[in-house]
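See below for the structure under consideration.
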Amino acid sequence: MARLHLPLLLTLIMVSSGPKMMESARVFTINNYCKETVWPGIFPGENFNGGGFELKSGQSIVINAPVGWSGRIWGRTGCTFGKDGNGSCQTGACGSFLKCRASGRKRSAPTMITSLFAVDRNQKA
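Residues -24 to -1, 1 to 101 in mature numbering (1 follows the signal peptide of the UniProt record, and there is no 0) are what the sequence shown lists, from first letter to last.
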């Protein structure tokens, strides 16, 4: 399998929206600066569109992580999914699912870039 070299798939920016927001959640903005569509994967993803969604070129999405959330965010490329949410990706797959969940966990392709976050794990909500 040829190694796929892509520009940075996603830029993750942690944004604070003031003290009140900082007490209840953490905000991530995911931007797609690529020419092609990407499918961000988030695990665990119960609080984030189920853990997977389509992000077309030039689009961005803001997601709120609850206090204490710990997980991974990564980009997937070359994906095709049916209406049932099953399919495949060329890079960064989480099993054969659009929505990354525990039952769909599978070692991802080596061509992915993963960001790992632990948000205020010691803080009580």
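Ideal Cβ positions, reconstructed from N, Cα and C, are used throughout, including at glycine.
Query, Result
"Please state whether DSSP places Gly63 in a helix, a strand or coil.", "strand"
"Three Cβ pairs or more, each shorter than 8 Å: is that satisfied between the stretch 32 to 43 and the stretch 52 to 60?", "no"
"Use the C-beta contact count for Val38: other C-beta atoms within 10 angstroms, 16 or more gives buried, fewer gives exposed.", "exposed"
"Per DSSP, what kind of secondary structure is Asn23 in: helix, strand or coil?", "coil"
"For Trp15, which of helix, strand or coil comes out of DSSP?", "coil"
"Just confirm the distance between the C-beta atoms of Gly28 and Trp50, as a whole number of angstroms; I'd bet it's less than 8 Å.", "Contact flag wrong, Cβ pair sits at about 10 Å."
"Can you give me the C-alpha to C-alpha distance between Lys11 and Arg48, rounded to a whole angstrom?", "23 Å"
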